[in-house]
Each structure stands twice: as C-alpha cells, then as structure tokens.
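Q:
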Amino acid sequence: MRFFTGFFLKSLYIIYWISNFFVEIKYCFRKRAALTKYQEILDWVKTQNLPLDTSEALKLPDNLLGITHDDLVQVLHTSEDRYYVAIMINYSSGITGTTQRIKGIFACDAPLAPRYLTNIPNVCHRINILGEYQKPYKVAWAFTNLEVDKQYNDYLFAVHRQLN
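According to the working numbering, the residues represented by the sequence shown are 21 to 184, in order.
(1) Measuring straight from C-alpha to C-alpha, what distance separates Tyr58 and Phe27?
(2) Among Thr88, Gly124, His97, which residue has its Cα nearest to the Cα of Pro71?
(3) What does Val93 pair with, by DSSP beta-bridge criteria?
(4) In angstroms, rounded to a whole number, what distance separates the CA positions of Asn142 and Phe24?
(5) Quick check: the Cα distance between Asp63 and Ala106, rounded to an integer number of angstroms?
(6) Does DSSP classify Leu137 as helix, strand or coil?
(7) Among the candidates Phe49, Ile147, Asp82, whose CA atom is the shortest distance from the CA of Gln171?
(8) Sort out for me which residues DSSP pairs Gly124 with in a bridge.
(9) Can you check which of these residues, Ser99, Glu100, Lys79, Asn83, is closest to Asp90 by C-alpha distance?
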C-alpha cells in the first residue's frame, strides 16, 4: 500500500510539471504575439472612446483574439489622456492550487513616468500607477504591484503579479 501511495503521488507530481511545461510553451507563443501586436492593440483601444480617468476590461476584436487567456485587455485611460494596457496572457497556480500568478505585457502610449516605476533594490522593479488616483477603478488590480520581468523600452514591459 505504501509503495502504491508513493507511486501515485510521484505520478501526480510528474503530471503537474508536464502540464505546466505545456502552459509555459503556450505562454511563449502568446507573449510573442502580444509583443508584435501591442501597438495594434493600443491603437484599437484608443478608438473605443473610453472616458478620461476610467478603466475597463475590453474584449479584443476578432483579428486580435487568442493573445490573452480570456480575450480581454485591461485598459486605464488617465485624466492626463494617457493609455495604459495590461495584456494578461497566462494564469498559473501552485501545486496546491492556492497561489495564482498572472504574466503578461504592460504597454503605454507614452513613456512610463519614473514616478510609476518603483525600484526595490536587489529585488525587482514594480509598476504602480493608481497611487495618485482617488476614484475606484473596475480593473485597478491590473495596474498596481506589477513586477517587471523585462523592460523592452520606456513603453513596453513584461510583467507578472501574484493574485493571492
């Protein structure tokens, strides 16, 4: 019985890592698509007439479907008429299912102001945009505590966030 239990648990562990491997492969393809089409997404977002100082989750048009996990992008249109778009590509959870992590691309229509990029020495850079706004936003979670994995330029970042 002990042998069977150990074998069963190891099998579950292997299945978890194999499925996680396929999720990572899918993420790589979606990330590449997001990096090549982020400007097209930003241009489309600007045509949606989102009022100033609001945020929304917008469904992507047919030609941009399949980039995100749910075909939505989170958009913040600030009172300064700046657009910030969170292209969330992948949700993942720990082996116990308790920790969720989301990875994606963060894009802006103008260089990200240094006041929004927090540097934690020897740890990470974080994007925090909503600190100065008092109004509650529908998708505020998409614009706070985004840890920067890679900064491509002043407009484009690979990010992740813990959701637990």
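Built from N, CA and C at the ideal position, the CB exists for glycine as well.
A: Let me lay it out:
(1) 45 angstroms
(2) His97
(3) Leu78
(4) 45 angstroms
(5) 14 angstroms
(6) strand
(7) Residue Ile147 is the option with its Cα nearest to Gln171.
(8) For Gly124, which the question treats as bridged, DSSP gives the partners Met108, Val179.
(9) Lys79
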